Amino acid sequence: MKNNRPTRRISLLFARYYLAFTLVLLALFFGFYHLWDRLYVDLLHIPDPDALFQSREFRNGEYADIDTRRYLGPSGGFAVLDAQGQPLYVSTSRIPAIQTPDELLCVADFDAGDTVSAVPFEAQDGQQCWIVIRNLMLEDDLTQTEVMILDEDLHVLDGTSLIPGKTDYTQRELELLTNRWSSQYTLYRKSAQDSSGAPVTVLLLLSSYSDADFQAAFDKAGRLWLLTIPLYCGVTLLFIVLLNRHFRRPLTRLGDAIRRLGAGEPVSAAACGGPEEIQELGRSFDAMARQLTESQAETRRLEEQRIKMLTDLSHDLKTPITVISGYISAVRDGKVSEEDLPQYLEIIGKKADALTELINSFYEYSKTEHPDFRLEPVETDLCEFLREYLADKFNEIDLAGFSLEVDIPETLRLPCRLDPFQMRRALDNILGNSLRHNRLGTRIRVSLIQTGSAVLLRLADNGNGIPEALRKDLFTPFTVGDQSRSKGGSGLGLAISRKIIEAHGWTLRLSPETGAGGTVFEILIPR
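Using the working numbering, the first residue of the sequence shown is number 8, and each one after it goes up by one.
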């Protein structure tokens, strides 16, 4: 099934995983922080009086049903007093009894958030006095300090009485005011309403915590953070596995494709999946594999061509050499009469000339195949060059029994760079092909056609044409019109012409118009 999932670049993939990894770590951090906070609160049993007052049981006056441990901790408690200070409900006997309204006023106000401390000192007359200090929390984190001084009998000597209008205190009132009545608990008062809306006063008994209590709870709760190490390792391993899935599969497919390519099997790695860069690598690999396959096919073709060329060359060399050897043996052995000797020598000479022509053609073809083959181009006018060349060839063509027609406009000028010597050789081979393989009286026509982006040089004849079976390999070395190779020609001429013309940056091709009624060669010259 084709994978239609959108691909991502490696940078975006890493960015996505890094972001997800960071978010997971942040989620774990905040989750652990929340658990640690809850554990810390549970270990300290930090009370939540506000939740107590908002509970359904308190609002309905069902005080006995209130889960005191939940709201005030295992040692906490509360009492509800009516407007006259009489208890309506007391959850625990640890709450001190409040005997008078002044004692109730000495209990710290829960909403005020004030703290009161008392420091004893000895006056100049030897009395044991008290400095009582109250710190009030104001808005914007400001504090207000109130100070009063009590004598040995707890009469107000100086300062502002912490209870407006009160000039003396009892020992019980001082203990309630400074919370010196207990070292384990703190007592607060808070105004509220009962289920009927009547005002009541609630006494809250809360546990007092020392620094050691806070530190012990902090240490116990802190052990929870030790779990973050294996969790971090687990999350890291998870993301490593996920990243590995993104890269391992496509890389495995690429590795398999490389191994199959080495084994000569057909491969395709473009659909390897993974990030865009790996898919691009797969497409590049496929392109390389195609080029390698084409290169191997071209190598096989060239090897087959080389073998064919050597076979054809051996055949073409063997035929004249065999004739020459046989005739020379006949002459040497005295088997040739005096009157037949000139004829034998003429045949030997013709075969030697054919052998020389073949060797020269092969030498010229080898030069064009050599990496050091270079043209020596000069600036010239193509039209003028063709007129001079065809003028020189006219007599040769006419004497061979052929006719020549030239269609090159007199006013046409086409400047170009060409190698005159090599271009003459290329044209000689093309025209020689027409002279060699056509009947007498064949008309050869050379025309020059100017198009928008190129110039087309056409060399056509109305001769025998070229068989369909030979057209594909026409420019292959040692391709001749007679498969028995009994006619003249080395089969190298057109191959040499194509090499020379392509070295100029031009194109030599057989026109589609070629058929049983003639042959048309076209040289395409870009402008």
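Idealized CB from N, CA, C, for every residue including glycine. Keep in mind the model is a prediction, meaning the values are calculated, not measured.
Proximity below 8 Å, CB of residue i to CB of residue j
| i | j | result |
| --- | --- | --- |
| leucine 212 | glycine 120 | no |
| isoleucine 354 | valine 330 | yes |
| threonine 387 | cysteine 423 | yes |
| glycine 92 | proline 108 | yes |
| aspartate 175 | leucine 184 | no |
| arginine 465 | leucine 517 | no |
| proline 474 | alanine 502 | no |
| isoleucine 170 | leucine 112 | yes |
| arginine 141 | glutamate 153 | yes |
| valine 209 | aspartate 89 | no |
Proximal residues to residue i (C-beta, below 6 Å), its chain only, five neighbours per side dropped
| i | result |
| --- | --- |
| glutamine 490 | Bear in mind that the predicted position of glutamine 490 carries a pLDDT of just 47, short of 50, making it unreliable; the figure below should be weighed with that in mind. So no residue of the chain qualifies. |
| asparagine 67 | Ser202 |
| serine 98 | Thr75, Gly84, Phe85 |
| proline 56 | Leu211 |
| glutamate 182 | Trp188 |
| lysine 506 | Thr375 |
DSSP bridge partner residues for residue i (one or two, in chain order)
| i | result |
| --- | --- |
| valine 123 | Arg141 |
| cysteine 136 | Phe128 |
| tyrosine 195 | Ala115, Leu211 |
| valine 343 | None, per the DSSP bridge assignment. |
| glutamate 412 | Arg452 |
| cysteine 423 | Thr387 |
| histidine 162 | Asp175 |
| alanine 461 | Pro533 |
| methionine 155 | Val139, Gly166 |
| leucine 88 | Pro94, Thr208 |
Residues of its chain near residue i, where Cβ-Cβ distance is below 7 Å and the 5 sequence neighbours each way are ignored
| i | result |
| --- | --- |
| phenylalanine 128 | Cys136, Ile138 |
| phenylalanine 39 | Leu231, Trp232, Thr235 |
| asparagine 445 | Asp468, Gly470, Asn471 |
| glutamate 383 | Asp426 |
| phenylalanine 117 | Pro56, Tyr195, Arg196, Lys197, Leu211 |
Burial state of residue i (16 or more Cβ within 10 Å)
| i | result |
| --- | --- |
| valine 539 | Examination of residue 539 is not possible in this model, given that the chain is present from 8 through 534 alone. |
| tryptophan 232 | exposed |
| leucine 19 | exposed |
| alanine 398 | exposed |
| lysine 6 | The question about residue 6 has no answer here: the residues shown for the chain are numbered 8 through 534. |
| tyrosine 25 | exposed |
| glutamate 417 | exposed |
| cysteine 390 | buried |
| proline 273 | exposed |
| lysine 9 | Annotation note: pLDDT 45 at lysine 9 (below 50); position unreliable, coordinate value reported separately. By the neighbour-count rule (16 or more Cβ atoms within 10 Å), lysine 9 is not buried but exposed. |
| isoleucine 328 | exposed |
| isoleucine 456 | exposed |
| glutamate 371 | buried |
| glutamine 178 | exposed |
| valine 126 | exposed |
| glutamate 180 | buried |
| leucine 59 | buried |
Inter-residue spacing [alpha-carbon to alpha-carbon] between residue i and residue j
| i | j | result |
| --- | --- | --- |
| asparagine 471 | valine 527 | 11 Å |
| leucine 438 | glycine 269 | 48 Å |
| threonine 259 | aspartate 426 | 55 Å |
| alanine 433 | isoleucine 508 | 7 Å |
| glutamine 565 | asparagine 469 | Coverage of the chain is limited to positions 8 through 534, which leaves residue 565 absent and any answer about it impossible. |
| glycine 80 | aspartate 74 | 9 Å |
| leucine 157 | aspartate 165 | 7 Å |
| phenylalanine 65 | alanine 130 | 49 Å |
| isoleucine 532 | methionine 295 | 32 Å |
| lysine 494 | glutamate 287 | Reliability of the predicted coordinates at lysine 494 is poor, the pLDDT of 49 falling under 50, and the value obtained from them is presented with this limitation in mind. The alpha-carbon atoms of lysine 494 and glutamate 287 are separated by roughly 55 Å. |
| lysine 197 | serine 203 | 17 Å |
| leucine 194 | valine 114 | 7 Å |
| alanine 347 | glycine 341 | The identity of residue 347 in the sequence shown is aspartate, whereas the question assumes alanine. Straight-line Cα distance between these residues: approximately 11 Å. |
| aspartate 379 | arginine 534 | 26 Å |
| glutamine 151 | glutamine 200 | 29 Å |
| serine 124 | glutamate 146 | 22 Å |
| leucine 406 | glycine 448 | 11 Å |
| arginine 492 | asparagine 440 | Here arginine 492 scores only 42 on pLDDT, less than 50, and its place in the model is too uncertain to base an answer on. |
| isoleucine 17 | arginine 256 | 15 Å |
| arginine 443 | alanine 264 | 53 Å |
| threonine 167 | leucine 143 | 14 Å |
| leucine 352 | isoleucine 404 | 29 Å |
| alanine 86 | tyrosine 47 | 27 Å |
| glutamate 69 | tyrosine 239 | 48 Å |
| leucine 499 | arginine 313 | 13 Å |
| glycine 333 | alanine 359 | 13 Å |
| leucine 250 | glycine 271 | 32 Å |
| leucine 317 | leucine 324 | 10 Å |
| threonine 300 | isoleucine 451 | 43 Å |
| glutamate 395 | glycine 525 | 25 Å |
The ligand NAP heavy atom lying under 7 Å from the CB of residue i
| i | result |
| --- | --- |
| leucine 515 | Among the components of this structure there are no ligands whatsoever, and the ligand NAP is therefore not found. |
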